[in-house]
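Q: Handing you this structure, nothing more for now.
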Amino acid sequence: MQFTADHAEWGRVDITLDDLGCGRSWEEIHRVRGLELVCPECGGQVFARVSKLGTRHLYHRTRPPTCSLANESLEHHLLKLELVTRARAAGYRAELEVAAPTGEWRADVMVFGPDGDRLMALEAQLSSITAEEIAARTDLYERDEVSVCWFGIKPRPWVGTVPTLLVQPPEDPKEPWSVSAGLARLAENSMHWVPVGATLTDAVSWMLTGRITPYTPVRGSRRVVDQDGCYEWAEGWTRYWDDSWRMWWTAPSYVAADAERARKEAEDRLRRQEEGRQRELKKREKARKKEAKSRAYAEFWNRTGLDRQQWRYFRALAELFFSRGLVFGAPDDRFGGGRPVYERTGPEGEHWTLVGVACPDPYRLRAWAEEISLLVPRDEDLADLAERAWEPFQVYVFDPDTGVMYHERVLPTPVVP
Ligand SMILES: [Zn+2]
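Heads up: the sequence shown begins at 3 in the working numbering, then just goes up one per residue.
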């Protein structure tokens, strides 16, 4: 069963057209003796007849096993006929079985643009073919600047690896064919794709007018889900198929929206990376401070020779002497490794006033020592301070071993002339 033949004088005969594509009529080929119509594929003689269901077609009297046209299934022929009819209904010139000048491809249906240039090949692909073979055939069309859509009826491994639509013939021949898979739109949240149903009439018209385009989504929005969130194109279309189906037809506006989503996601990813980096920096800074603090404490205990018990007494004596609550800070480089002493004031004790420095290193005294009282645990500390003093210092001694406490004004040691 086929729809095209060649005639020595008329050229290509296409029985899907009223004038057979060559200014003739059905009556001029149907049951006409002595007419020589040959198959475009194998060159064998073909004859016109009408099937029991009323389909006009051409047939080989003896079917040559090597002729692909003669051996195409009825289903294939009906789909081809449907495709060429839909392209013509959309207002385009469309021809059946159009071969490349080089013979490298032969389109089931070739649709031509307004300038007569080849616009798009519509291929009914019902026999089995590998994904590699169909990719190679798609590449040939691409090389010749012809876009292509492969139409199938059942899920096959190649489906969705090239521009594809799965279609279904109607149960009632008067109804239109429908698209069962391969059309999708981006969901409103832009996170996944939703299958779209359509008639084959609409889908062919949309692809010829550019209202839909084959599109491989940017990574991250690959899943096609239906209204119930199922990973299915259509009934019987399993998760496996969904994963391998990586290209579908959609409107250019969804292509733009998907690109926008991918751009935002990339931005978010960068922002999260930056946030992670900042967190890491903060963590390191905190660890560094902790390390510095523990070094300062070690230095403090080591230099003062005080143990924890003596330190507690020292503090208690200071509070007793001044008759107020004091807070002793950590050893601080800004005060020569000594511990700042604060008095808390205000109703909630929220104001901290620096009132002294406990046990500073006499070798690391700076200008602050002139202003702030110095608190030390032993008499001997007075001599050390006097040796380093350049101005009078206010010094308080709180000896934790004896409980002795007193105030002393330490003057610079006079320089002996
Ligand atoms: Zn043939």
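Quick reminder that beta carbons are idealized off the backbone N, C-alpha and C, glycines included.
From Q280 to A109, what does the alpha carbon distance come to, in whole angstroms?
A: C-alpha separation (whole angstroms): 59 Å.
Q: So, with DSSP's three-state summary, where would you put V354?
A: For the sequence presented, residue 354 should be read as Trp rather than Val. Strand, per DSSP.
Q: Within 10 Å of its beta-carbon, does M193 have 16 or more other beta-carbons around it, so buried, or fewer, so exposed?
A: By the neighbour-count rule (16 or more Cβ atoms within 10 Å), M193 is not buried but exposed.
Q: Measuring straight from C-alpha to C-alpha, what distance separates N304 and A298?
A: Cα to Cα, the separation comes out at about 10 Å.
Q: Taking three-plus beta-carbon pairs below 8 Å as touching, is the stretch 81-95 in contact with the stretch 206-223?
A: Yes: the two stretches touch, three or more of their Cβ pairs being nearer than 8 Å.
Q: Evaluate Y242 with the Cβ neighbour count: other Cβ atoms within 10 Å of its Cβ, from every protein chain shown; 16 or more gives buried, anything less gives exposed.
A: Summary for Y242: the model assigns pLDDT 44, below 50, so the residue's position carries little reliability; its value from the coordinates is reported in the next sentence. Exposed, by the Cβ-count rule.
Q: Can you say whether G93 is buried or exposed, counting buried as having 16 or more other CB atoms within 10 angstroms of its CB?
A: It is exposed - the Cβ of G93 has fewer than 16 other Cβ atoms within 10 Å.
Q: Should T215 and W251 be called a contact, given that it needs their Cβ atoms to be closer than 8 Å?
A: In this structure, W251 lies closer than 8 Å to T215 by Cβ.
Q: Within a Cβ cutoff of 6 Å, which residues of the same chain sit near E372, ignoring the five residues on either side of it in sequence?
A: Same-chain partners within the cutoff: E393.
Q: With DSSP as the reference, please indicate the residues paired to A289 in a beta bridge.
A: None, per the DSSP bridge assignment.
Q: Confirm the yes/no value for this check: CB of H59, any heavy atom of ligand 1, distance under 7 Å.
A: No, Cβ of H59 sits at least 7 Å from all heavy atoms of ligand 1.
Q: Regarding G46 and ligand 1, is the C-beta to nearest heavy atom distance less than 7 Å?
A: Checking every heavy atom of ligand 1 against the Cβ of G46, one is found closer than 7 Å.
Q: What residues are listed by DSSP as bridge partners for C151?
A: Beta-bridge pairing links C151 to L124.
Q: May I ask whether a heavy atom of ligand 1 can be found less than 7 Å away from the beta carbon of A72?
A: Indeed, a heavy atom of ligand 1 lies less than 7 Å from the Cβ.
Q: Give me whichever residues DSSP pairs with H32 in a beta bridge.
A: H32 is bridged to A50.
Q: Counting beta carbon pairs with one atom in the stretch 195-204 and one in the stretch 170-182, are three or more of them shorter than 8 Å?
A: As far as the Cβ criterion goes, the stretch 170-182 touches the stretch 195-204, which means the pair count is three or higher.
Q: Do you know how far the Cα of R314 is from the Cα of E360?
A: Note on identity: in this sequence residue 360 is Ala, with Glu being the wrong assignment. Whole-angstrom Cα-Cα distance: 13 Å.
Q: From what residue to what residue does the beta strand (DSSP E) around W250 run?
A: Unbroken beta strand (DSSP E) run through W250: W250 to T252.
Q: Taking a contact to mean a Cβ-Cβ separation below 8 Å, would you say P379 touches L308 in this structure?
A: Closer than 8 Å, so yes.
Q: Rounded to whole angstroms, what's the CA-CA distance from M3 to S75? Just pull it up for me.
A: Those two C-alpha atoms are separated by around 8 Å.
Q: For the stretch 94-107 and the stretch 48-62, state whether three or more C-beta atom pairs, one from each stretch, are separated by less than 8 Å.
A: Contact fails: fewer than three Cβ-Cβ distances are below 8 Å.
Q: Using 7 Å as the cut-off, classify the Cβ of P67 as near or not near the heavy atoms of ligand 1, replying yes or no.
A: Not so, every heavy atom of ligand 1 lies at least 7 Å from the Cβ.
Q: Taking DSSP as the reference, what is the three-state secondary structure of G79?
A: A small correction: the amino acid at residue 79 is His; Gly does not occupy that position in the sequence shown. Note: H79 maps to helix in three-state DSSP.
Q: Is H62 near ligand 1, going by C-beta to nearest heavy atom under 7 Å?
A: Checking the Cβ of H62 against ligand 1 gives yes.
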